[in-house]
């Protein structure tokens, strides 16, 4: 009998794969019918005068020269935000690898009064050099003065905060003061700080202080990745499934700030905030949400080449700390379907209420290309009975999530990157957007990658052992378009289907970051997409028959603020605020103010709910932390847009 076990297992595996392959998929006609419920139009994005994107590949360390196309496969980023403080997320912060510039511009939907001459953010007079390149842009109010700032993260240096000046009248290159996130000395004007190679930033109030903390998660270890004249001080991942030699995670706690014509924001690093075994991966994405209703957001790290990590927040004011929680693995559970044990390639992550039960679930992008590397995306469905149950399990090191991507139709798309949820029809169901594709060329190199995936772990770290990747010739998933998933039915339990082709979004260009926001302040979500070695795209949502909505602008008060003066808004974003609503028809939804998470796309700070045909007032429970204390208030809100100041109570103020 014992000798027959391998054969039986193999036969069972073949049978399972056969049955999975025969799962019914939506027909072309059904996809057309589903897509007809939506309407999007791609609009041109204004770029700076004289803008000339000419780069097609990056200069890299000599040890990477033969794989420089691979090394050059990330860096496109996009964010939507409200630079004017007028209640519209109608400004874009773009990172374009074709120029290695950070472009700030207006959304194509912005009204005339919100438009400005597009410009590029430059780090000078801070030390910059040719071995640095921007990877993403995270908006936020980092000095707490009620003005929107922009944080740019790089390969080759630590992040820079571009802080809005108090005397700035409009967005422009002179309106922002570049300030180091990590202080370092430069007596000779050259950069002497650590050579961080950052691909993920998550901004959230981790310690409940009322101020934004910053997770900076690096991909490559500190090294001269982009310096063609450097010594060979670089490496590659030590495994395809369990690499722990990455750049690691850094958690920075807000320490103090000043406003004025030369603003500043000071941060200090919490060196032991993340357990070491969870903080040394090759991180490509991170996001956070409060799973326990204690005001302290949990965090998910999505790591390439191995284990992702769910981190339970055990912080106190002035001290940030996390502990890892892992899923249970039963006899029928594949290893990678137990949280914390995955051998997949985590590329993006977002929190959202996928099953419509008023709890945060999680979506994670992996590599899922058929006949390539067919892993599975993750749809982690929250199994906790309530927040108290979630807190009890997480405190015990248990992650109460079950992986159900296939059941929801979200398992296989392609080479996934950023993933974002949003309700684009305002019907109470979340759509899912996913960036896709890797390197565009003429000759498929999947056989090379498959051979590499079976190589002994001991040779991976040596770049010379990696197969050549030549720009323009070699292709890996280069024609995979972004995905737009929507429900086949009208309930939160229905399966998803990808209709990006039917919606006219299937450009065969690799995409990286996705930003979602209400750019017109009318309760409608639009979105922008960053493309790797291609022009960014903006899609305006013209979907007919949209439902009613509830949209909340949540702020903390800023003393002495004068909204409408220069770039000053209503207040500072209420980082960490969570909102759960219950409509009169009994449906429950949950969302939060997302301070900035994912891969290289950052959604706006608006908290948005679709209400469908519901016109009656909505019961909303708002939770937030201030000065280390948890606050909760129940409100009755009519459909539409509301602006709330969250201090010791939630106070509604006039919309701007």
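In the numbering used here, the protein residues as written are 60 to 715. We treat Cβ as the ideally placed atom computed from N, Cα and C, and that holds for glycine.
- In this structure, the straight-line span from the alpha carbon of residue 656 to that of residue 349 is close to 14 Å.
- Ranked by how close their Cα comes to the Cα of residue 455, the residues 574, 371, 190 have 371 in first place.
- Distances from the CA of residue 152 to each of 207, 183, 338, 628 were compared; the closest alpha carbon is that of 207.
- A Cβ-Cβ separation of about 5 Å places residue 340 in contact with residue 305 under the 8 Å criterion.
- In this structure, the alpha-carbon of residue 551 lies about 33 Å from that of residue 631.
- Non-local C-beta neighbours of residue 591 in its own chain, meaning closer than 6 Å and more than five positions away in sequence, comprise 135, 569, 571, ordered along the chain.
- For residue 411, the enclosing beta strand (DSSP E) begins and ends at 407-411.
- Sixteen is the threshold: since fewer than 16 other Cβ atoms of the shown chains lie within 10 Å of the Cβ of residue 243, the residue is exposed.
- Its Cα nearest to that of residue 539, the residue 564 stands out among 532, 564, 554, 522.
- Restricting attention to beta strand (DSSP E) runs no shorter than 3 residues, the stretch 400-456 encloses them at 407-411, 420-424, 437-441, ordered along the chain.
- Sequence-distant Cβ neighbours of residue 249 in its own chain, meaning closer than 6 Å and more than five residues away, are 186.
- Our two residues, residue 651 and residue 659, have alpha carbons roughly 19 Å apart in a direct line.
- A distance below 9 Å separates the beta carbons of residue 194 and residue 154.
- Taken through DSSP and simplified to helix, strand or coil, residue 576 comes out as strand.
- Cβ contact annotation for residue 434 (same chain, cutoff 8 Å, sequence separation greater than five): 395, 403, 404, 425, 426, 427, in chain order.
- Assignment of residue 336 by DSSP, reduced to helix, strand and coil, places it in the helix class.
- Given a length threshold of 4 residues, each whole run of the alpha helix (DSSP H) inside the stretch 487-551 is given here in chain order: 505-512.
- Taking a cut-off of 8 Å on C-beta distances, the stretch 540-549 touches the stretch 466-486, as three or more cross pairs fall below it.
- For residue 171, there is no enclosing beta strand (DSSP E), as DSSP marks it with neither H nor E.
- Nearest neighbour of residue 678 by Cα position, chosen from 641, 381, 460, turns out to be 641.
- With a beta-carbon spacing of about 7 Å, residue 423 and residue 367 fall inside the 8 Å limit used to define contacts.
- DSSP places residue 467 outside both helix and strand once states are collapsed to three, so it counts as coil.
- Closest in alpha carbon position to residue 530, among 118, 88, 110, is 118.
- Excluding sequence positions up to five before and after residue 129, its CB lies within less than 6 Å of the CB of 528, all in the same chain and listed in chain order.
- Rounded to whole angstroms, the Cβ separation of residue 311 and residue 214 is 18 Å, and the two are not in contact under 8 Å.
- A direct Cα-to-Cα measurement between residue 167 and residue 587 gives close to 10 Å.
- For residue 558 against residue 94, the beta-carbon gap comes to about 4 Å, under 8 Å, which counts as contact.
- For residue 150, the uninterrupted beta strand (DSSP E) run begins and ends at 150-155, by DSSP.
- Membership of residue 101 in any alpha helix (DSSP H) is not indicated; the residue belongs instead to the beta strand (DSSP E) covering 99-102.
- Contact check between the stretch 315-326 and the stretch 209-224: three or more CB pairs, one atom from each, fall below 8 Å, which counts as touching.
- Residue 230 and residue 256 have their C-alpha atoms roughly 28 Å apart.
- 144 is the residue among 326, 200, 144 whose C-alpha sits nearest the C-alpha of residue 629.
- Taking the C-beta atoms as reference points, residue 493 is found nearer than 9 Å to residue 542.
- Check the Cα spacing between residue 523 and each of 240, 296, 146: the tightest is with 296.
- Residue 160 is classed as buried because its beta carbon has at least 16 other beta carbons within 10 Å across all chains shown.
- By the neighbour-count criterion, in which 16 or more other beta carbons inside 10 Å mark a residue as buried, residue 329 falls on the buried side.
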